[in-house]
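See structure below.
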Amino acid sequence: MKKNKKPEWAPENSGSEYASSVMPAVYSTEKPKKQIHKRRQLTVDDYTNGVLESNTVVLSKAITLIESNNIKHIELTQEVLKRILPYSGNSIRIGITGPPGAGKSTFIEALGLYLCRNGFKVAVLAVDPSSIVSGGSILGDKTRMEFLSRENNAFIRPSPSGGTLGGVARKTRESIIACEAAGYDVILIETIGVGQSEITVRSMVDLFLLLLLPGSGDELQGIKKGVVEMSDLIVINKAEGNNKDRANITRVSYNSAIKLLTSATEGWKPKALTCSALHNEGIENVWSNVNEFMELTKNSGIFKKRRNEQLLNWVKSMVEEEVYRRFFENDEIKKLKQKLDLSVLSGETTPTQAVRSLINKYFGDK
Ligand SMILES: Nc1nc2c(ncn2[C@@H]2O[C@H](COP(=O)(O)OP(=O)(O)OP(=O)(O)O)[C@@H](O)[C@H]2O)c(=O)[nH]1
Ligand SMILES: [Mg+2]
Numbered sequence: 001m002k003k004n005k006k007p008e009w010a011p012e013n014s015g016s017e018y019a020s021s022v023m024p025a026v027y028s029t030e031k032p033k034k035q036i037h038k039r040r041q042l043t044v045d046d047y048t049n050g051v052l053e054s055n056t057v058v059l060s061k062a063i064t065l066i067e068s069n070n071i072k073h074i075e076l077t078q079e080v081l082k083r084i085l086p087y088s089g090n091s092i093r094i095g096i097t098g099p100p101g102a103g104k105s106t107f108i109e110a111l112g113l114y115l116c117r118n119g120f121k122v123a124v125l126a127v128d129p130s131s132i133v134s135g136g137s138i139l140g141d142k143t144r145m146e147f148l149s150r151e152n153n154a155f156i157r158p159s160p161s162g163g164t165l166g167g168v169a170r171k172t173r174e175s176i177i178a179c180e181a182a183g184y185d186v187i188l189i190e191t192i193g194v195g196q197s198e199i200t201v202r203s204m205v206d207l208f209l210l211l212l213l214p215g216s217g218d219e220l221q222g223i224k225k226g227v228v229e230m231s232d233l234i235v236i237n238k239a240e241g242n243n244k245d246r247a248n249i250t251r252v253s254y255n256s257a258i259k260l261l262t263s264a265t266e267g268w269k270p271k272a273l274t275c276s277a278l279h280n281e282g283i284e285n286v287w288s289n290v291n292e293f294m295e296l297t298k299n300s301g302i303f304k305k306r307r308n309e310q311l312l313n314w315v316k317s318m319v320e321e322e323v324y325r326r327f328f329e330n331d332e333i334k335k336l337k338q339k340l341d342l343s344v345l346s347g348e349t350t351p352t353q354a355v356r357s358l359i360n361k362y363f364g365d366k
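Residue 149 in my numbering sits at position 149 of the sequence shown; the count goes up by one each step and never skips.
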């Protein structure tokens with residue numbers, strides 16, 4: 001069916017040298033298949049069953065749902081959480097903080113590998129304050145944990161980014177529930193030891209561990225006394241080779257300093273230890289101290305008491321956030337505040353009077 005066709009611009013007397021072959025088009029009578037498959041939205045049952053079956057793909061999707069700021073997803077998230085909640089709670093929740101570069105990620109990887117090899121299922125989450133400001137995350141990039149991520153019994157999730165610290169706290173708490181329902185026995189949460197995030201992480205874990213470097217004092221490592229006071233275990237990392245002696249001196253000085261502080265956990269005396277995360281030394285000792293802590297707090301009832309308090313504080317902090325948001329997003333409040341700001345600045349109104357006017361406007365005169 002080939003047909004020779006000369007182009008229009010070919011000279012009149014030319015021969016077949018300008019001709020081109022034209023193939024007749026081939027048409028199919030079949031209807032073209034739709035190329036774009038719309039991804040099926042998982043149902044509450046899909047999420048619930050997948051998480052409870054410990055399907056990591058579904059667990060990841062459930063956490064993505066938890067992390068979504070889309071109003072449409074909130075209802076679905078809460079329905080899934082309600083269904084999996086009875087299966088949660090059976091884990092050891094450990095928060096790990098420390099100055100940048102102390103070796104938190106390396107330590108988590110070493111501890112995680114140790115635990116996986118001893119039959120535990122380990123989930124790693126991160127709370128990264130930098131992600132709240134910048135939308136990107138410091139920990140996210142570095143929380144690769146190459147070896148741990150290859151373990152079947154490990155699940156690693158980088159930090160949710162964006163939103164307020166309260167928002168990130170909610171997402172992390174709900175992610176803990178999802179990981180526990182999926183059968184993870186140990187949840188490790190990494191955070192940078194600067195800003196408010198340690199307080200937030202402390203409020204969602206059973207044990208708080210502070211990782212430090214050998215030699216330098218608190219001031220040098222940018223760690224506030226408050227963070228030391230929040231910690232149940234202080235681990236001096238990089239205690240190997242020439243650093244070993246310095247690390248031991250640091251350990252001894254922390255051990256005597258923490259005796260003077262109030263303990264973070266009733267009945268437990270905080271301890272300083274040393275390890276080398278890079279060389280896998282001292283990891284087992286850290287874990288045996290975690291076990292000692294768990295045994296003591298479970299027997300004394302402090303473990304349960306703290307979990308209950310944390311749960312109720314979670315509710316309270318969410319109420320606070322919501323009230324705050326509604327208050328400042330209220331149109332009448334916005335208008336009144338604009339006016340009052342000017343009169344506070346000009347000295348006509350005192351700050352206290354301004355506050356009273358705003359509160360009365362919103363909540364009524366009580
Ligand atoms: N020598 C030695 N180096 C270590 C040890 N642990 C971690 N490092 C190194 O210290 C550097 C920082 O380690 P990370 O695990 O990324 O530290 P981090 O505390 O998670 O850091 P940020 O997430 O940035 O706050 C890396 O180059 C590690 O290889 C250790 O026990 N000994
Ligand atoms: Mg890190």
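Glycine included, C-beta positions come from ideal geometry on N, C-alpha and C.
Report task. Look up T191 in the DSSP assignment and give the residues it is bridged to. Result -> Per the DSSP secondary-structure output, T191 pairs in a beta bridge with V127.
Requested in this report: Tell me whether A239 sits in a helix, a strand or coil according to DSSP, three-state version.
Outcome: Under the three-state reduction of DSSP output, A239 falls in the coil class, being neither helix nor strand.
Query raised in the report: So is N237 buried or exposed if we call it buried at 16+ other beta carbons inside 10 Å?
Result: With 16 or more other CB atoms across the displayed protein chains lying within 10 angstroms of its CB, N237 is buried.
Query raised in the report: Given that a residue counts as buried once 16 or more other Cβ atoms are within 10 Å of its Cβ, and exposed if not, what is V323?
Result: When all chains shown are included, V323 counts as exposed.
Query raised in the report: Between K238 and ligand 2, is the CB less than 7 Å from at least one heavy atom?
Result: Result no, Cβ not under 7 Å from ligand 2.
Requested in this report: Report the residue from I189, F293, R83, N70 whose alpha carbon sits nearest the alpha carbon of E266.
Outcome: Of the listed residues, the one whose Cα sits closest to E266 is F293.
Query raised in the report: At which residues does the beta strand (DSSP E) containing G183 begin and terminate?
Result: In the DSSP assignment, G183 falls outside any beta strand (DSSP E) and carries neither an H nor an E.
Requested in this report: Tell me whether the beta-carbon of I189 lies closer than 8 Å to the beta-carbon of L85.
Outcome: Inclusion of I189 and L85 in the CB contact set at 8 Å is not warranted, their separation being larger than that value.
**Report entry** Cross-strand partners of A272 (DSSP beta bridge)
**Finding:** Residue pairing by DSSP places A272 opposite I234 in a beta bridge.
Query raised in the report: Sorry if obvious, but does the Cβ on E198 come closer than 7 Å to a heavy atom of ligand 2?
Result: Proximity of the beta carbon of E198 to ligand 2 is not indicated: no heavy atom of the ligand is located closer than 7 Å.
Query raised in the report: For F147, which three-state DSSP category applies?
Result: DSSP places F147 in coil when its eight states are reduced to three.
Query raised in the report: Sorry if obvious, but does the Cβ on V190 come closer than 7 Å to a heavy atom of ligand 2?
Result: It should be pointed out that residue 190 corresponds to Glu in this sequence rather than to Val. Distance from the C-beta of E190 to the nearest heavy atom of ligand 2 is below 7 Å.
Query - Between the CA atoms of D341 and T164 - distance to the nearest angstrom - result: Rounded to whole angstroms, T164 to D341 spans 25 Å at the Cα level.
Query raised in the report: Would you report the Cα separation of N90 and L207, rounded to the nearest angstrom?
Result: Here the alpha carbons of L207 and N90 stand approximately 14 Å from one another.
Query - Per-residue burial, E198 [other beta carbons within 10 Å of its own, 16 or more giving buried] - result: It is buried - the Cβ of E198 has at least 16 other Cβ atoms within 10 Å.
Query raised in the report: Can you round the beta-carbon distance between I283 and Y254 to whole angstroms, since I take them to be within the 8 Å contact cut?
Result: That belief does not hold up - the Cβ atoms of I283 and Y254 are roughly 19 Å apart, past 8 Å.
Query raised in the report: Going by beta carbon distance, what residues of the same chain come within less than 6 Å of A182, once the five residues before and after it are set aside?
Result: Within the same chain, A182 has close Cβ partners V51, S54, L59.
Report task. Keeping to the same chain, check which residues put their C-beta closer than 6 Å to that of R306; ignore five residues upstream and five downstream. Result -> None.
Query raised in the report: Which stretch, first to last residue, makes up the alpha helix (DSSP H) that contains R157?
Result: Taken as a continuous stretch (DSSP letters only), R157 belongs to no alpha helix (DSSP H), as it is neither H nor E.
Query - Span separating the alpha-carbon of F327 from that of S105 - result: If you take the alpha carbons of F327 and S105, they lie about 39 Å apart.
Query raised in the report: Which whole-angstrom value is the C-beta distance of P270 and D245, which I expect to be below 8 Å?
Result: Contact flag wrong, Cβ pair sits at about 23 Å.
Query - Identified DSSP bridge partners for I92 - result: Answer is V186, bridged to I92.
Requested in this report: Give a yes or no on whether the C-beta atoms belonging to I367 and V227 are separated by under 8 Å.
Outcome: Nothing in the structure corresponds to residue 367, since the chain is present only between 1 and 366.
Requested in this report: Let me know if K335 comes out buried or exposed under the rule of 16 or more other beta-carbons within 10 Å of its beta-carbon.
Outcome: Exposed.
Query - Closer than 7 Å: S105 CB and nearest ligand 2 heavy atom - result: At least one heavy atom of ligand 2 falls within 7 Å of the beta-carbon of S105.
Query raised in the report: Looking at the structure shown, is T43 part of a helix, part of a strand, or coil, going by DSSP?
Result: Here T43 sits in coil by DSSP.
Query raised in the report: CA-CA distance, T319 and R170?
Result: As written in the sequence, residue 319 is Val, which differs from the Thr given in the question. Roughly 12 Å between the two C-alpha positions.
Requested in this report: In the DSSP assignment, find the unbroken beta strand (DSSP E) run with L212 in it and report its ends.
Outcome: From DSSP, the beta strand (DSSP E) with L212 extends over 207-212.
Report task. Could you tell me whether any non-hydrogen atom of ligand 4 is closer than 7 Å to the CB of L260? Result -> Absence of ligand 4 is noted for the structure shown, with ligand 1 and ligand 2 being the only ligands found.
Query raised in the report: Is the beta carbon of V122 less than 8 Å from the beta carbon of Y184?
Result: Cβ atoms of V122 and Y184: closer than 8 Å.
**Report entry** Reference V168; option with closest CA among D46, T262, N153, Q196
**Finding:** Of D46, T262, N153, Q196, the residue nearest in Cα terms is Q196.
Query raised in the report: For W287, which option in E309, K298, L209 has the closest C-alpha, if you only look at C-alpha atoms?
Result: Selection E309, K298, L209 evaluated against W287 yields L209 as nearest (Cα-Cα).
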